[in-house]
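Notes follow the structure.
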Amino acid sequence: AGRLKGKVAVVTAAGQGIGRAIAEAFVAEGATVHASDLDRDKLADLKRAKKAKLDVRSTKAVEAYAEKIGGIDILVNVAGFVHHGTVLDCEEKDWDFSFDLNVKSMHRMIRGFLPGMLARAKEQGSSGSIINMSSGASSIKGAPNRYVYGATKAAVIGLTKSVAADFVRQGIRCNAICPGTVHSPSWETRVEDLGKTVGGKDKAMEIFVSRQPMGRVGKASEIAALALYLASDESAFTTGTAIPIDGGWTL
Ligand code: NAD
């Protein structure tokens, strides 16, 4: 415990899944954690965090939230949505929604919080860390039926590297995490949906697991462990990376 002592962190989509696991890990390591989600109720049982409803698709809401919180050390952009299908299933409204939620939200959050992060890093002679949730399904790997999702998550990697390049001399690091399949509430829904076409949830689970070289899907806590490393000063020499964490899916 204490790896994030004295640090202030902001985590989006902390209501469930990976975002929740990250918020919990950061709290356990002594950070002051501002946890937000579109659905405030999902944060109810998160302990020892400052909680807020935040729709990362709203520029106004993000600006107000950043102004209220001020200087922070760690920003974790987790909010994202998995659209299912090929280019032929992706209407313009699907494209726009996915890019808005998965990519532009990160632009909004970084625009909102970076000035305060820079000031704090300068004042304290410390470093700030931005962590963006990408995916193995991105520029790393083409996954079937993840057309616009893969495009958004590739954009996240580009955005991450650009921010890292621009602020590398100003004490700000920016890295992307690229998970393979991770057990989360929305993944459960994807398994159920696939189950409808392949003859049941068990069969669908088998299909997901079979593409994992390690023979299992990941745990949100395993992704949180990487986020914790990237948030802490242990990773002080690491910036602009897109780190796969996927049980061998992209090896
Ligand atoms: P999830 O999809 O189960 O939960 C997403 C959370 O985001 C929910 O609590 C939801 O209320 C919140 N949310 C939705 N719209 C929002 C908005 N506009 N503003 C703020 N919050 C909003 O969680 P997950 O499966 O752990 O996924 C989290 C992130 O990790 C996503 O970016 C996802 O693409 C990425 N990821 C997940 C997996 C996986 O297999 N689960 C793999 C790779 C990457």
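The sequence shown runs 413 to 663 under this note's numbering.
Even for Gly, the Cβ is constructed at its ideal location relative to N, Cα and C.
Exercise. Output the boundary residues of the alpha helix (DSSP H) element that contains L642.
Key: Residue mapping note: residue 642 aligns to position 230 of the sequence shown, counting from 1. Note, L642: alpha helix (DSSP H), 632–643.
Practice problem: Flag this pair as touching only if the region 586–599 and the region 631–644 have three or more C-beta atom pairs under 8 Å; answer yes or no. | Solution: yes
Quiz item: Smallest Cα separation from E441: which of L487, E504, K419?
Solution: In the sequence shown, the residue the question calls residue 441 occupies position 29. The residue with the shortest Cα to Cα distance from E441 is K419.
Quiz item: V423 by DSSP, collapsed to three states: which one?
Solution: In the sequence shown, counting from the first residue as 1, residue 423 sits at position 11. Here V423 carries a strand assignment [DSSP, helix/strand/coil].
Quiz item: Starting from V445 and walking both ways along the beta strand (DSSP E), at which residues does that stretch end?
Solution: Numbered from its first residue, the sequence shown carries residue 445 at position 33. V445 -> beta strand (DSSP E) spans 444–449.
Practice problem: Quick one: grab the DSSP three-state call for P556. | Solution: Position 144 of the sequence shown, counted from the start, is the residue given in the question as residue 556. Three-state result, P556: coil.
Quiz prompt | Limits of the unbroken alpha helix (DSSP H) element including R726 | solution = Here the chain comprises residues numbered 413 to 663, so residue 726 is not present and cannot be evaluated.
Quiz prompt | Nearest to K465 (by Cα), restricted to the options K459, K480, A447 | solution = For the purposes of this step, residue 465 is taken as residue 53 along the sequence shown, with counting starting at 1. Checked all of K459, K480, A447; the closest Cα to K465 is A447.
Quiz item: Is L404 near the ligand NAD, in the sense that its beta carbon is under 7 Å from a heavy atom of that ligand?
Solution: Lying outside 413 to 663, the shown extent of the chain, residue 404 is not represented and no answer is given.
Quiz item: Of the choices M545, A473, R623, whose alpha-carbon is the least far from that of F525?
Solution: Along the sequence shown, read from residue 1 onward, the residue named residue 525 stands at position 113. Of the candidates M545, A473, R623, the one whose C-alpha sits nearest the C-alpha of F525 is A473.
Quiz prompt | Counted within 10 angstroms of its Cβ, other Cβ atoms place P556 as buried (16 or more) or exposed | solution = Taking the sequence shown and counting its residues from 1, the one referred to as residue 556 is at position 144. The residue is exposed, with fewer than 16 neighbouring Cβ atoms inside 10 Å.
Quiz item: Cβ of D449 versus every heavy atom of the ligand NAD: is any distance shorter than 7 Å?
Solution: Within the sequence shown, residue 449 is the residue found at index 37, counting from 1. At least one heavy atom of the ligand NAD is nearer than 7 Å to the Cβ of D449, so yes.
Quiz item: For the ligand NAD, is there a heavy atom less than 7 Å away from the beta-carbon of L513?
Solution: Within the sequence shown, numbered from 1, the residue matching residue 513 stands at position 101. L513: yes, Cβ under 7 Å from the ligand NAD.
Quiz item: Leaving out the 5 sequence neighbours to the left and right, which residues in its chain are closer than 6 Å to S574 when beta-carbon positions are compared?
Solution: By one-based count along the sequence shown, residue 574 stands at place 162. If we look at S574 and ignore the five residues flanking it on each side, it has no Cβ neighbours.
Quiz item: Under 8 Å between C-beta atoms, does G611 make it to chain B?
Solution: Among the chains of the structure shown, chain B does not appear; only one protein chain is present.
Self-check item: Proximity winner among K553, S541, M521, relative to D645 (alpha-carbon distances)
Solution: Along the sequence shown, one-based indexing puts residue 645 at 233. Closest by alpha carbon: S541.
Practice problem: Thinking V580 and T471 are a contact (beta carbons under 8 Å), I'd like their distance in whole angstroms, please. | Solution: Sequence index remark: in the sequence shown, residue 580 carries index 168 (1-based). Sequence index remark: in the sequence shown, residue 471 carries index 59 (1-based). Wrong, their Cβ atoms sit about 27 Å apart, outside the cutoff.
Quiz item: To the nearest angstrom, how far is it from the Cα of G611 to the Cα of E618?
Solution: Start at 1 with the first residue of the sequence shown, and residue 611 comes out as number 199. Start at 1 with the first residue of the sequence shown, and residue 618 comes out as number 206. Straight-line Cα distance between these residues: approximately 11 Å.
Exercise. Have a look at S510 and A648 and give me their C-alpha separation to the nearest angstrom.
Key: In the sequence shown, residue 510 corresponds to position 98, counting from 1. In the sequence shown, residue 648 corresponds to position 236, counting from 1. The straight-line gap from Cα to Cα measures roughly 32 Å.
Practice problem: State yes or no: is the C-beta of A588 within less than 8 Å of the C-beta of V568? | Solution: Here residue 588 is taken as the residue at index 176 of the sequence shown, counted from 1. Here residue 568 is taken as the residue at index 156 of the sequence shown, counted from 1. It is a contact, given that the beta carbons lie within the stated cut-off.
Quiz item: Can you tell which of G607, T653, G497 has its C-alpha closest to the C-alpha of R585?
Solution: Looking up residue 585 in the sequence shown gives position 173. Among G607, T653, G497, the Cα nearest to that of R585 belongs to T653.
Quiz item: Between the beta-carbon of F438 and the beta-carbon of L640, is there less than 8 Å?
Solution: Within the sequence shown, numbered from 1, the residue matching residue 438 stands at position 26. Within the sequence shown, numbered from 1, the residue matching residue 640 stands at position 228. The answer is yes: Cβ separation under 8 Å.
Practice problem: Using only the heavy atoms of the ligand NAD, determine whether one of them is closer than 7 Å to the beta carbon of I522. | Solution: Looking up residue 522 in the sequence shown gives position 110. In this structure, the ligand NAD has no non-hydrogen atom nearer than 7 Å to the beta-carbon of I522.
Quiz item: For A643, is the classification buried or exposed, using 16 other Cβ atoms within 10 angstroms of its Cβ as the cut-off for buried?
Solution: In the sequence shown, residue 643 corresponds to position 231, counting from 1. That one is buried.
Quiz item: How would you label D485, buried or exposed, when you count the other beta carbons within 10 angstroms and need 16 or more for buried?
Solution: Locating residue 485 in the sequence shown gives position 73, where the first residue counts as 1. Buried: at least 16 other Cβ atoms inside 10 Å.
Quiz item: Taking Cβ positions, are V490 and I552 nearer each other than 8 Å?
Solution: Reading the sequence shown from its first residue, position 78 is the one you call residue 490. Reading the sequence shown from its first residue, position 140 is the one you call residue 552. For V490 and I552, no; Cβs fall outside 8 Å.
Quiz item: Do you know offhand how far K463's Cα is from S517's?
Solution: The residue given as residue 463 occupies position 51 in the sequence shown. The residue given as residue 517 occupies position 105 in the sequence shown. When rounded, the separation of the alpha-carbon atoms in K463 and S517 is 19 Å.
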